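Read in this note's numbering, the sequence shown has 212 at position 176, and its numbers run on one by one without any break. Please read the structure below before turning to the comments.
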Amino acid sequence: FDEVTQGIDVAVRSEETFSSQGTEVRDPIPATVLDGVKAVDGVKVAEGSVTGFAQFIDKNGKAVTTGGAPTLGVSVSSAPELQAGTTLREGRLPAGSDEMVVDAQTAEKHGFKVGDRVKVLLQGPARTFTVSGIIGFGSAGNLGGATLAGFTLPTAQEVLNREGRFDEIDVVAAEGVTPEQLRDRV
Numbered sequence: 037f038d039e040v041t042q043g044i045d046v047a048v049r050s051e052e053t054f055s056s057q058g059t060e061v062r063d064p065i066p067a068t069v070l071d072g073v074k075a076v077d078g079v080k081v082a083e084g085s086v087t088g089f090a091q092f093i094d095k096n097g098k099a100v101t102t103g104g105a106p107t108l109g110v111s112v113s114s115a116p117e118l119q120a121g122t123t124l125r126e127g128r129l130p131a132g133s134d135e136m137v138v139d140a141q142t143a144e145k146h147g148f149k150v151g152d153r154v155k156v157l158l159q160g161p162a163r164t165f166t167v168s169g170i171i172g173f174g175s176a177g178n179l180g181g182a183t184l185a186g187f188t189l190p191t192a193q194e195v196l197n198r199e200g201r202f203d204e205i206d207v208v209a210a211e212g213v214t215p216e217q218l219r220d221r222v
């Protein structure tokens with residue numbers, strides 16, 4: 037967790053809607069909130085992010101299962117300051133609506149390589165994406181057994197049913213501003 041959130045000084049989220057068995061559920065926040073966060077004195081970088089369900093289909097047409105860990109789709113940050121916890125192991129980050137990155141452990145286990153076309157089950161219709169890169173998290177190949185499909189923010193918002201909304205806004209403080217000062221200002 038510390039590696040993945042490295043570089044984030046403040047995370048803006050909605051209030052917890054409910055909690056069940058250690059899982060917090062929060063309503064998405066309007067994307068317009070991002071402009072207000074960016075305008076706060078002491079903000080160096082602020083970027084919205086989304087997370088949701090995304091399940092890979094392997095080369096044999098079978099759904100990739102995790103034995104209980106989540107099958108995640110996420111937006112990949114475009115800000116270098118917010119990429120500290122992610123290590124690009126091969127290829128590049130997604131640049132278009134038909135590209136994604138795959139976590140290293142899933143790629144290795146299922147033979148996904150940069151340039152492969154991989155089908156992904158989503159909340160809406162399934163889609164096929166080109167693997168643009170393979171990512172890790174520090175020395176780890178995945179996040180606690182979870183599979184991870186990473187998309188550009190606009191693609192993630194579309195396929196994860198978050199158009200016009202974010203699950204979180206990650207914020208980096210400007211030089212000389214502490215995380216606590218920035219939190220209080222935001």
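By construction, the Cβ of each residue, glycine as well, lies at the ideal position given by its N, Cα and C atoms. Please read these numbers as outputs of a predicted model, since none were measured by experiment.
Check	Outcome
The region 155 to 168 contacting the region 77 to 85, beta-carbon criterion three pairs below 8 Å	no
Cutoff 7 Å; reference Leu124; Cβ partners in own chain excluding five residues on either side	Gly169, Ile171
Unbroken stretches of the alpha helix (DSSP H), 4 residues or longer, contained in the region 100 to 175	140 to 146
Collapsed DSSP secondary structure at Thr87 in the structure displayed	strand
Segment contact flag, the region 190 to 208 with the region 85 to 92, C-beta cutoff 8 Å, min 3 pairs	yes
Three-state secondary structure (DSSP) of Val40	The predicted model places Val40 with a pLDDT of 48, which falls under 50 and marks its position as unreliable, so this point remains unresolved.
Asn257 classed as buried or exposed, judged by whether at least 16 other C-beta atoms fall within 10 angstroms	With the chain covering 37 to 222 only, the question about residue 257 has no answer from this structure.
Proximal residues to Val46 (C-beta, below 7 Å), its chain only, five neighbours per side dropped	Val207, Pro215, Leu218, Arg219, Val222
Where Gly72 falls: helix, strand or coil (DSSP)	helix
Inter-residue spacing [alpha-carbon to alpha-carbon] between Gln141 and Gly103	14 Å
Bridge partners - Arg201, DSSP secondary structure assignment	Pro66
Three-way DSSP call (helix, strand, coil) for Ala192 in this model	helix
Assigned secondary structure, Glu52 (DSSP; H/G/I helix, E/B strand, else coil)	strand
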